[in-house]
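Notes for the one structure printed next.
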Amino acid sequence: NAGVTQTPKFRVLKTGQSMTLLCAQDMNHEYMYWYRQDPGMGLRLIHYSVGEGTTAKGEVPDGYNVSRLKKQNFLLGLESAAPSQTSVYFCASSRWTSGGNPYNEQFFGPGTRLTVL
Amino acid sequence: AQKITQTQPGMFVQEKEAVTLDCTYDTSDQSYGLFWYKQPSSGEMIFLIYQGSYDEQNATEGRYSLNFQKARKSANLVISASQLGDSAMYFCAMREDPSYGNNRLAFGKGNQVVVIP
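So the sequences go chain by chain: B and Y. Numbering of the first sequence is given in our numbering, commencing with residue 98 and proceeding in unit increments. Numbering of the second sequence is given in our numbering, commencing with residue 22 and proceeding in unit increments.
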């Protein structure tokens, strides 16, 4: 199993350009997430999905859109990139759990390093 | 308000010694989970250890143990017998309110550890 994969690994954009980051998982997980990591800030949740066809906003959703048309894929879009979106982007996935059980490990992809000039 | 606090500056530890990484959290939930992840310089996020709020025993995984003090709301990671490969950034994370549809993790800003020979 490949686990969680992300495409591309690196990308440089100019301000105003658009792009889509692709996340794929082969573990049949229900939940998927997009985070961004900036120096000294830890990981911050951008958007997440609790199942195919559903998405929800996280902590820092502005400037991003997402789609989950297939269970195994979670796409993150930047419609008009800004230098403030220069970051490392991580995708993660986790399985469904019954209510009341707080254990649920998230499995992370290798990250995408995005630079916006 | 910040839910996970990791405030230690970068730490240097001698090989084979133990190191403790501090993590305090803020929640009003009775049921929650605490996670530690390791991020080496290569960038991937590696799950290390988990502690549930109702677990009576402190979690252990090989050389990793979690010093869980519920009343103080702290979940410190202890790495025993440090190895050079332990040099990394370490993140504490919390999952609150484990109801269906909510599997979000809140991450701290991380602790940098450098193991010296």
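Backbone N, C-alpha and C fix where the C-beta goes; we use that ideal spot for every residue, glycine too. In this text, all values refer to a predicted model and were calculated from it rather than measured experimentally.
With fewer than 16 other Cβ atoms inside 10 Å of its own Cβ, isoleucine 67 of chain Y counts as exposed. Only residues of its own chain outside the window of five on either side were considered, and among them Gln134, Gly208 and Arg210 have a CB closer than 6 Å to the CB of valine 185 of chain B, listed in chain order. Straight across, the Cα-Cα distance linking glycine 54 of chain Y with threonine 102 of chain B is about 26 Å. Within its own chain, the residues whose Cβ lies closer than 8 Å to the Cβ of serine 146 of chain B, once the five positions on either side in sequence are excluded, are Tyr128, Met129, Tyr130, Thr152, Ala153, Val163, Arg165 and Phe171, listed in chain order. When the Cα atoms are used, glutamine 182 of chain B and tyrosine 132 of chain B turn out to be separated by approximately 12 Å. Not one beta carbon of chain B lies nearer than 7 Å to the beta carbon of serine 86 of chain Y. The C-beta distance from methionine 32 of chain Y to glutamine 133 of chain Y rounds to 7 Å, short enough to meet the 8 Å contact threshold. With contacts defined by Cβ atoms closer than 7 Å, serine 95 of chain Y and serine 74 of chain Y do not form a contacting pair.
Here arginine 125 of chain Y is buried, its C-beta having at least 16 other C-beta atoms within 10 Å. In the structure shown, the three-state DSSP call for serine 115 of chain B is coil.
For asparagine 124 of chain Y, the nearest beta carbon of chain B is closer than 7 Å to its own beta carbon.
Taking the Cα of valine 213 of chain B as reference, the smallest distance to any Cα among B:Gly139, B:Ala179, B:Phe205 and B:Gly160 is reached at B:Ala179.
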